[in-house]
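Numbering (our numbering), first residue to last: 85 to 438.
Ideal Cβ positions, reconstructed from N, Cα and C, are used throughout, including at glycine.
Report on one structure; see the data block that follows.
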Amino acid sequence: MKLFTVGPVESYPCTREVYRKDIPYFRTAEYSSLVESCMRRLGGYIGLEEGGRLLYFAASGTGAMEATVDNLLSPEEDNALVINGGSFGARFCQLLQHHEIPHSAVTLGVGEALRESHLLPFAGRGYTALLVNLHETSTGQLYDIEMLSRFCRENNLLLIVDAISTFMVDPYDMQRYGIDVTIFSSQKGLCLSAGMSFVALSARALAHRRGRCRCSYFNFGDYLTNMERWQTPYTPAVAIMHELDAMLTYIEEQGGLESWLEGIRKRCQYFRKQAEAAGLAVCRDYPLSNMLTPLLTGSVDAHQLFLRLSREYDFYVNPCGGALAHSMLRISHAGNLTNADADALIAAIKTLTR
């Protein structure tokens with residue numbers, strides 16, 4: 085089996101090795117030391133400012149999204165603006181609605197790129213926060229973080245970024261772009277097992293925290309207190325923390341973050357060049373993340389192609405839902421993949437679409 089999926093991604097030997105050993109008990113000084121090391125390294129990778137805090141949860145990325153909404157925004161004091169360009173932008177809208185947070189959405193049509201003209205009607209309208217899935221994974225569109233950051237600065241909005249499928253594959257820096265909250269998870273750019281998510285909070289976000297969390301499990305106050313000793317209030321995903329330590333060490337051995345990002349960029353560029361040379365159609369309607377390439381399948385049913393790739397070749401790619409279910413596949417470039425793997429996938433797609 086070969087995973088060309090956005091998450092979980094094809095894993096590396098260093099993380100697989102974790103599960104060959106017994107996973108130790110976690111309420112110990114040794115585990116706290118491991119967490120401290122991982123959190124400090126991750127904070128550096130994400131550009132967390134001094135005075136900011138990084139929390140982690142035994143939960144999916146959606147759990148971290150909901151925790152952020154519940155802890156930072158209130159029905160009485162906030163009015164949120166959401167970039168809704170696909171399934172994950174819509175998820176932020178659903179969470180805001182569930183928690184009764186007043187909000188509006190910049191809604192993009194299928195294949196529509198986000199532009200500054202979409203934001204201008206919302207300027208000076210009293211919004212307190214902008215929420216965006218920076219890489220809208222359902223389509224592959226990577227939004228312009230500089231444009232969004234500028235809009236938030238000019239209108240004094242808290243900038244809340246779901247970076248779940250852009251962190252560790254595209255350049256990203258909280259301080260450079262004035263990002264107040266970053267949400268990410270274990271199974272995408274970090275190349276770990278699914279089941280752990282993170283929320284990085286700037287000093288400004290911590291000051292904005294409303295202290296009204298209705299959910300006991302996700303109450304940031306409890307996590308902030310426990311992270312003073314590098315522990316969590318509830319049982320963490322212990323094995324994934326050990327995977328994270330192994331993966332961060334591996335990235336350092338490969339030359340560090342910049343070298344890591346450059347390797348993914350080159351794999352991504354190689355796939356797109358070879359795919360187009362083979363006559364496959366890469367969607368170019370909007371800027372793309374290095375995480376994935378959206379392939380348009382034309383007259384070939386994309387969902388049937390997804391099924392045949394898995395059944396006949398044991399290759400797994402991401403299908404799409406909604407309006408794109410029968411016309412687009414998404415091919416990931418994160419994880420333990422090579423150019424030879426890309427060649428094999430392209431050859432398989434060509435064979436199945438003749």
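From the options, residue whose alpha carbon lies closest to that of residue i
| i | options | result |
| --- | --- | --- |
| residue 336 | 112, 383, 98 | 98 |
| residue 328 | 101, 306, 233, 86 | 101 |
| residue 194 | 321, 113, 368 | 368 |
| residue 302 | 152, 133, 115 | 152 |
| residue 178 | 154, 91, 196, 161 | 154 |
| residue 366 | 131, 124, 416 | 416 |
| residue 290 | 156, 234, 146, 229 | 156 |
| residue 237 | 259, 252, 250, 253 | 259 |
| residue 253 | 112, 409, 392, 374 | 374 |
| residue 210 | 184, 242, 378, 182 | 242 |
| residue 405 | 378, 420, 421 | 378 |
| residue 438 | 348, 384, 403 | 384 |
| residue 267 | 105, 104, 147 | 147 |
Endpoints, beta strand (DSSP E) assigned at residue i
| i | result |
| --- | --- |
| residue 137 | 137 to 141 |
| residue 204 | Careful: residue 204 lies outside any beta strand (DSSP E) and carries neither H nor E. |
| residue 146 | Counting along the chain, residue 146 falls outside any beta strand (DSSP E), though it belongs to the alpha helix (DSSP H) covering 145 to 156. |
Nearest-angstrom beta carbon gap, residue j and residue i [assumed within contact, 8 Å]
| i | j | result |
| --- | --- | --- |
| residue 169 | residue 198 | 6 Å |
| residue 275 | residue 95 | 6 Å |
| residue 321 | residue 279 | 5 Å |
| residue 28 | residue 188 | Because the chain here runs from 85 to 438, residue 28 falls outside it and cannot be looked at. |
| residue 191 | residue 226 | Actually they do not touch by this definition, with Cβ atoms about 18 Å apart. |
| residue 131 | residue 257 | 4 Å |
| residue 88 | residue 401 | 5 Å |
| residue 372 | residue 125 | Not quite, the Cβ-Cβ distance comes to about 28 Å (not below 8 Å), so this is no contact. |
Residues sharing a beta bridge with residue i, DSSP
| i | result |
| --- | --- |
| residue 190 | 167 |
| residue 414 | 378, 402 |
| residue 365 | 380 |
| residue 244 | 215, 265 |
| residue 225 | 220, 372 |
| residue 357 | Note: residue 357 sits in no beta bridge, so no partner. |
| residue 94 | 419 |
| residue 282 | 140, 268 |
| residue 389 | BP columns for residue 389 are empty, so no partner. |
| residue 232 | BP columns for residue 232 are empty, so no partner. |
| residue 86 | 399 |
| residue 254 | 251 |
heavy atom of the ligand SAM below 7 Å from residue i C-beta
| i | result |
| --- | --- |
| residue 177 | You won't find the ligand SAM in this model; it holds no ligand whatsoever. |
Span of the alpha helix (DSSP H), counted from its first residue to its last, around residue i
| i | result |
| --- | --- |
| residue 217 | Unbroken run through residue 217 is the beta strand (DSSP E), 213 to 217; no alpha helix (DSSP H). |
| residue 116 | 113 to 130 |
| residue 289 | 287 to 292 |
| residue 310 | 304 to 310 |
| residue 322 | 322 to 337 |
| residue 110 | Taken as a continuous stretch (DSSP letters only), residue 110 belongs to no alpha helix (DSSP H), as it is neither H nor E. |
At least 3 beta-carbon pairs within less than 8 Å: the region 160 to 173 vs the region 212 to 219 = Output reads yes: the region 212 to 219 touches the region 160 to 173.
Can we say the region 233 to 248 touches the region 425 to 432, given the rule of at least three CB pairs closer than 8 Å?
-> Verdict: no, contact absent.
Counting Cβ pairs closer than 8 Å, one from the region 300 to 309 and one from the region 352 to 359, do we hit at least three?
-> No: fewer than three Cβ pairs fall under 8 Å.
Taking one C-beta from the region 216 to 230 and one from the region 388 to 399 each time, how about it: are there three or more such pairs within less than 8 Å?
-> No, the region 216 to 230 is not in contact with the region 388 to 399.
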